[in-house]
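Following: one structure in structure tokens, then a few remarks.
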Amino acid sequence: MSTEAVAATGLPAQTGTPRWTSELRREDDALETLAEEWDDLAGRCRTATFFQAAAWQCSWWRQYGRPGELLVVLVREDGRLVGAGAFRRRGGPLGGLTGLGDGLIDFTDILLDDACADRAAAAFAEALPLTRPWHSLELREVHPEAAVQRVFEQWRGSRRRFADSLCQYLPAVPMDQLLKRVPGKTAQRTRVKLRKIAEAGVEVRPTPPEDVPDALDALLRLHFLQWQQRGVTPEHRTERFARHLTESTTGLVATGRAAVHQYWLDDELVAVNLLLLCPSFGGLYLYGAHPRLRERLDIAGLLFGAALEETVGAGVPVLSLLRGQEPYKQRWRPDQLANQRLLFGPRGPAPAAAVRAGSVRARQAVVRVLTTRLPRLKEALVAHRRS
5 MSTEAVAATG
15 LPAQTGTPRW
25 TSELRREDDA
35 LETLAEEWDD
45 LAGRCRTATF
55 FQAAAWQCSW
65 WRQYGRPGEL
75 LVVLVREDGR
85 LVGAGAFRRR
95 GGPLGGLTGL
105 GDGLIDFTDI
115 LLDDACADRA
125 AAAFAEALPL
135 TRPWHSLELR
145 EVHPEAAVQR
155 VFEQWRGSRR
165 RFADSLCQYL
175 PAVPMDQLLK
185 RVPGKTAQRT
195 RVKLRKIAEA
205 GVEVRPTPPE
215 DVPDALDALL
225 RLHFLQWQQR
235 GVTPEHRTER
245 FARHLTESTT
255 GLVATGRAAV
265 HQYWLDDELV
275 AVNLLLLCPS
285 FGGLYLYGAH
295 PRLRERLDIA
305 GLLFGAALEE
315 TVGAGVPVLS
325 LLRGQEPYKQ
335 RWRPDQLANQ
345 RLLFGPRGPA
355 PAAAVRAGSV
365 RARQAVVRVL
375 TTRLPRLKEA
385 LVAHRRS
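So this is what it looks like as structure tokens:
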């Protein structure tokens with residue numbers, strides 16, 4: 005229920021009855037002014053991830069946001085913030101709202117107070133400004149148990165749900181227990197590699213907040229070096245990504261939501277890994293390793309060992325490998341769970357939402373063709389050349 009709607013009822017306030025209000029904030033510095041309240045609410049939202057922390061959201065908006073495009077939806081109970089979500093307005097004939105982060109985040113969500121999540125979700129749904137036929141809200145990479153799923157269920161307009169990226173998870177347990185998940189020969193080979201790492205004398209050093217900028221500068225340098233022959237994500241080469249990664253990670257490390265591990269061998273910094281942390285899971289986000297290290301030691305075992313130790317020590321139950329199905333991840337036989345793409349449209353006719361839904365289906369069909377028929381076509385061409 006919006007603030008205006010509450011005022012319009014004209015009913016006298018009842019003693020002991022909570023007063024629910026909502027607010028839309030559009031100023032470009034809204035996230036910064038709300039940061040303290042935002043993180044307080046994040047601490048009361050069990051589904052909140054590191055990507056919903058104020059440090060990450062504020063940093064992303066400073067580096068990637070455009071003036072006038074920010075929309076923040078707030079829900080309060082007796083003045084206390086119990087629901088919050090930040091969105092970006094996009095133009096064009098099928099404009100609407102989308103989440104922050106674009107392709108840089110693995111989980112999109114809002115914040116809802118666990119103590120009143122359903123009621124806050126209903127108020128949040130009522131406050132979403134999707135009132136015209138061309139309005140829509142599209143959210144990528146939504147976990148099946150995300151807080152915004154409650155808003156989706158409360159939404160009275162058109163709504164559609166699609167599968168999105170596949171994420172992978174491992175139990176956060178000591179390495180010897182984790183190896184029980186894998187086949188015997190694989191476990192045996194991994195133990196040999198881990199002994200080799202221990203014998204090499206690699207030193208893993210934590211990074212205090214004041215040293216994060218230098219550590220991340222080294223991480224990106226090593227990241228580019230390790231992928232120079234195979235290509236690197238173009239955005240990772242930009243100055244704005246480096247600024248965002250440094251700003252956000254410094255804040256996350258300071259509040260215990262991230263850890264940066266530096267790996268030293270023979271007095272040389274040979275690898276840096278960024279581990280993100282929240283109460284429900286830790287996430288291996290980005291790393292860089294010198295190619296010479298890969299020639300000597302098992303990089304996956306090196307990174308996983310320190311990440312597991314950090315995650316277990318923090319009392320976090322799950323280690324997420326986030327998006328992507330790289331071969332080095334499959335060794336550990338991770339559990340898999342697909343994120344979702346949620347599409348909200350207005351009540352009544354919603355042509356823009358219908359067109360966007362059709363576009364999503366078309367893109368998914370193209371992906372299926374590329375992942376099924378294209379490999380076969382490639383094999384046929386190779387066979388033709390050989391004949």
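The sequence shown runs contiguously to residue 391 in the working numbering.
Heads up, the beta-carbon is just placed ideally off N, CA and C, and yes, glycines get one too.
In the DSSP assignment, what are the bridge partners of residue i?
i, result
"P175", "V322"
"R163", "F348"
"E142", "T102, L347"
"R92", "L74, T102"
"R29", "V76"
"W24", "E81"
"A263", "L279"
"V208", "Y267"
Who are the Cβ neighbours of residue i in its own chain at under 6 Å, not counting the five residues just before and after it?
i, result
"W336", "L174"
"R225", "none"
"R209", "Q266"
"A58", "A39, W42, D43"
"Q67", "R244, R247, H248"
"L290", "L278"
Beta carbon of residue i, beta carbon of residue j: below 7 Å?
i, j, result
"F91", "L346", "no"
"C49", "V86", "no"
"Q158", "A126", "yes"
"G292", "H248", "no"
"D110", "L326", "yes"
"V77", "G95", "no"
"R113", "A151", "Residue identity check: residue 113 is Asp in the sequence provided, not Arg. Yes, the Cβ-Cβ distance between D113 and A151 is below 7 Å."
"L269", "V186", "no"
"L74", "D32", "yes"
"Q172", "P338", "yes"
"V276", "A219", "yes"
Relative to the alpha-carbon of residue i, which residue among the options has its alpha-carbon at the smallest distance?
i, options, result
"L108", "A176, R84, W60", "W60"
"T21", "A58, E81, T53", "E81"
"A304", "A246, V257, C171, R193", "R193"
"A342", "I201, P148, R154, T190", "P148"
"A262", "K184, D32, L288, P187", "L288"
"S63", "L35, G100, G286", "L35"
"P321", "P331, F285, L312, Q344", "F285"
"R165", "Q172, A52, A202, V146", "V146"
"S162", "A129, A151, K189, C171", "A129"
"L278", "R300, R298, T250", "T250"
"E299", "Q329, A204, L134", "A204"
"L45", "L220, H139, L115, A258", "L115"
"K197", "R241, D302, L182, H294", "D302"
"R30", "Q56, G235, W65, E239", "W65"
"Y332", "L307, V264, F348, F55", "L307"
Ordered along the chain, which non-local residues of its own chain (more than five positions away) have a Cβ less than 8 Å from that of residue i?
i, result
"V316", "A176, V177, P178"
"R296", "V274"
"G260", "L281, A318"
"D168", "R144, E145, V146, A342, N343, Q344, R345"
"P212", "V257"
For residue i, which residues in the same chain have their Cβ closer than 7 Å to its Cβ, ignoring the five residues on either side in sequence?
i, result
"R136", "P350"
"E41", "L85"
Any Cβ of chain C within less than 7 Å of the Cβ of residue i?
i, result
"D218", "Protein chains in the displayed structure number just one, and chain C is not present."
What beta strand (DSSP E) runs, 3 residues minimum, are completely inside the region 265–307? Positions of the beta strand (DSSP E) runs, each at least 3 residues long and wholly inside the region 265–307, are given as 272–281, 286–293 in order along the chain.
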